[in-house]
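Notes to accompany the following structure.
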């Protein structure tokens, strides 16, 4: 499915913006040195991490009250060409120990992979077949209108809630009437290979450690697509999911805040979800996430530094936006350094050829010396601690084989993600059409 | 929930503390290599001073072939170290982030110039026409990859030809009158540039060309 963006693409404006940013970073690197230019965004990210760390230390993760009675729950599964995963999702939900009455509603969003026919034969679910592919938000809205339970669980068709997940999430929702939604601890399912393992660590830190911190600050940022629990009455009041938004899960979280609702987090509500196994798949996913975030930052710009929205408006939202800027600065800096070093190497090799020199000594090529490494090790220390804590939270036992993945996560994954951010930023400035599968 | 200014302040202070600690550690690490380089440079300066005094003494009291041979031997040991300091200094400058290497480069340049003038003086006084001087003008490694290659070529020439004496001059050190004089005198317009036996300036040269120009005496 693709969404048309308002306005025509503007390549000249985009080129101008890219050149101005490139020039600013180039001039900064020439005058201050690459190390100091890259240190500034890293210090900003360190400040955010340390804020989360102190919030984590203060956070009370125990449930304030246990409900006597659990309300009926409707589980909505939007499904589009998911025949390889949806049956496991349904099986996981059927195995749930949810104490109240539970119904499962699958909304097939015009699948063409044969899953519609297969779903018809599954017992214990209700099936809604949409004529054509309308998008996930539209499929979810269809489900919200059809069900009558006071609580709705939106579950992706490649997500597998653990047995007790719904029970814990609903218990949290009932803790406070101001909660419009409750998010879960999302982990990676079927993690194999370095790329998936690295995402596994990212999910531990993002949906474990950072979620505890943002929950403590009452500033949960997103109602994650894989699984989030909503009050149906609230969803009807705020008009359901935005069908014109590519990150409807982010948008709904911010809209809930605008309407004065809070979002809770239940760490014991563990769900597992499939993640991209290839770099190309990850790129497409992140392009959607980050473009959606930039789009929504524009849409909800008035919430930034607005004390009415508490720590969400005063800290999480602006610093998240700063993190985007930091990522763009970092990736532009990386590109500048790479281009610079390639030019250097070309000059070196061509002189070697011209002078018939056989000595290959590229000591001048290196951009990282011992002092920079020593400083970097100290500044990266808090992230090591965060990664370690996140593994503990996820009850993931450390093995020797986890160490290379942790290093990949800390030193390389961020760079890759920064480049994705950067491309998303350029595409958003260019008003490129949203298109994803 | 109330805005947690105390938490943000705590995080800001912790960030600052970590930054200060990291700068301190980085500075200590860098100071070790900087200090080692500085002592080597100090030794080079004092060795050159020693040779210079010996040359002055020789001018007044003796210019015998024996004295010439002693002076040449003195200068040969200085020459080798001076050349190695050039590459180490540039490598440290590349890797350095917290110390200013310009002062060291300037001191190195001045010491090497003194050394070059001493060598020229020796050649005149002792009628040594076989020893060849090569002036190598270079700029910072990260701006001039060709300078590194040229430096490697000169190192090879130095090892192959016992009559080659190479003097490396960082051409991008500001505010050194003598450097500007030399650059103007030899019409140095870019780096790397080589001046062989006070002749006219050349751009980059390969080992065979240099060896021909200095009539290489194989070691």
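Residue numbers (the working numbering), protein chains in the order written: chain A, 62 to 498; chain B, -6 to 212. Backbone N, C-alpha and C define an ideal beta-carbon position, used for all residues, glycine too.
In this structure, how does DSSP classify residue i when only helix, strand and coil are distinguished?
{"i": "residue 461(A)", "result": "coil"}
{"i": "residue 170(A)", "result": "coil"}
{"i": "residue 35(A)", "result": "Residue 35(A) is absent from the structure shown; chain A starts at 62 and stops at 498."}
{"i": "residue 134(A)", "result": "strand"}
{"i": "residue 304(A)", "result": "coil"}
{"i": "residue 224(A)", "result": "coil"}
{"i": "residue 497(A)", "result": "With a pLDDT of 49 at residue 497(A), under the threshold of 50, the modelled position of this residue cannot be trusted, and the question is left open."}
{"i": "residue 333(A)", "result": "strand"}
{"i": "residue 492(A)", "result": "coil"}
{"i": "residue 153(A)", "result": "helix"}
{"i": "residue 366(A)", "result": "coil"}
{"i": "residue 291(A)", "result": "strand"}
{"i": "residue 142(B)", "result": "helix"}
{"i": "residue 216(A)", "result": "strand"}
{"i": "residue 120(B)", "result": "coil"}
{"i": "residue 392(A)", "result": "helix"}
{"i": "residue 279(A)", "result": "coil"}
{"i": "residue 75(A)", "result": "helix"}
{"i": "residue 476(A)", "result": "helix"}
{"i": "residue 86(A)", "result": "helix"}
{"i": "residue 93(B)", "result": "coil"}
{"i": "residue 102(A)", "result": "helix"}
{"i": "residue 418(A)", "result": "coil"}
{"i": "residue 136(B)", "result": "helix"}
{"i": "residue 121(A)", "result": "coil"}
{"i": "residue 351(A)", "result": "helix"}
{"i": "residue 127(A)", "result": "coil"}
{"i": "residue 284(A)", "result": "coil"}
Is the separation between the beta-carbon of residue i and that of residue j shorter than 8 Å?
{"i": "residue 157(A)", "j": "residue 209(A)", "result": "no"}
{"i": "residue 132(B)", "j": "residue 164(B)", "result": "yes"}
{"i": "residue 136(A)", "j": "residue 166(A)", "result": "yes"}
{"i": "residue 234(A)", "j": "residue 443(A)", "result": "no"}
{"i": "residue 191(A)", "j": "residue 168(A)", "result": "yes"}
{"i": "residue 231(A)", "j": "residue 290(A)", "result": "yes"}
{"i": "residue 82(B)", "j": "residue 19(B)", "result": "no"}
{"i": "residue 147(B)", "j": "residue 44(B)", "result": "no"}
{"i": "residue 219(A)", "j": "residue 334(A)", "result": "yes"}
{"i": "residue 353(A)", "j": "residue 307(A)", "result": "yes"}
{"i": "residue 87(B)", "j": "residue 408(A)", "result": "no"}
{"i": "residue 150(B)", "j": "residue 204(B)", "result": "yes"}
{"i": "residue 325(A)", "j": "residue 448(A)", "result": "no"}
{"i": "residue 37(B)", "j": "residue 104(B)", "result": "yes"}
{"i": "residue 229(A)", "j": "residue 152(A)", "result": "no"}
{"i": "residue 95(A)", "j": "residue 398(A)", "result": "yes"}
{"i": "residue 89(B)", "j": "residue 432(A)", "result": "yes"}
{"i": "residue 132(A)", "j": "residue 161(A)", "result": "yes"}
{"i": "residue 171(A)", "j": "residue 141(A)", "result": "yes"}
{"i": "residue 331(A)", "j": "residue 253(A)", "result": "no"}
{"i": "residue 125(B)", "j": "residue 156(B)", "result": "yes"}
{"i": "residue 266(A)", "j": "residue 451(A)", "result": "yes"}
{"i": "residue 199(A)", "j": "residue 263(A)", "result": "no"}
Who pairs with residue i in a beta bridge, going by DSSP?
{"i": "residue 125(B)", "result": "157(B)"}
{"i": "residue 140(A)", "result": "169(A)"}
{"i": "residue 211(B)", "result": "154(B)"}
{"i": "residue 131(B)", "result": "163(B)"}
{"i": "residue 164(A)", "result": "135(A)"}
Within the present structure, is the beta-carbon of residue i separated from the nearest heavy atom of the ligand SAM by less than 7 Å?
{"i": "residue 226(A)", "result": "The model on display carries no ligand, and the ligand SAM is accordingly not part of it."}
Problem set entry | Any beta strand (DSSP E) of 3 or more consecutive residues that is wholly inside the segment 164 to 206 of chain B | 186 to 189
Exercise. Could you give the uninterrupted runs of the alpha helix (DSSP H) lying entirely in the segment 236 to 275 of chain A, keeping only those of 4 residues or more?
Worked result: 255 to 265
Exercise. Where in the segment 181 to 214 of chain A do unbroken runs of the beta strand (DSSP E), each at least 3 residues long, occur, reported from the N-terminal end onward?
Worked result: 187 to 190
For this session: Could you tell me whether the segment 140 to 147 of chain A touches the segment 110 to 120 of chain A, using the rule of 3 or more Cβ pairs below 8 Å?
Result: no
For this session: Flag this pair as touching only if the segment 121 to 129 of chain A and the segment 5 to 25 of chain B have three or more C-beta atom pairs under 8 Å; answer yes or no.
Result: no
For this session: Answer yes if the segment 180 to 198 of chain B comes into contact with the segment 99 to 106 of chain B, meaning at least three C-beta pairs across the two stretches below 8 Å, and no otherwise.
Result: no
Problem set entry | Stretch-stretch touch, CB-based, cutoff 8 Å, three pairs: the segment 384 to 398 of chain A with the segment 478 to 488 of chain A | yes
For this session: Please determine if the segment 332 to 348 of chain A and the segment 236 to 243 of chain A are in contact, where contact requires at least 3 C-beta pairs separated by less than 8 Å.
Result: no
Exercise. Which runs of the alpha helix (DSSP H), 4 residues or longer, sit entirely within the segment -5 to 73 of chain B?
Worked result: -2 to 54
Exercise. Given 8 Å as the limit, is there contact between the segment 460 to 472 of chain A and the segment 250 to 269 of chain A, that is, 3 or more CB pairs closer than that?
Worked result: yes
For this session: Say whether the segment 452 to 466 of chain A touches the segment 363 to 374 of chain A, bearing in mind that this needs 3 or more beta-carbon pairs closer than 8 Å, one atom from each stretch.
Result: no
Exercise. Using 8 Å as the threshold, is the segment 154 to 163 of chain B in touch with the segment 116 to 131 of chain B, meaning 3 or more CB pairs across them?
Worked result: yes
Exercise. Does the segment 298 to 305 of chain A touch the segment 315 to 326 of chain A, meaning 3 or more C-beta pairs lie closer than 8 Å?
Worked result: yes
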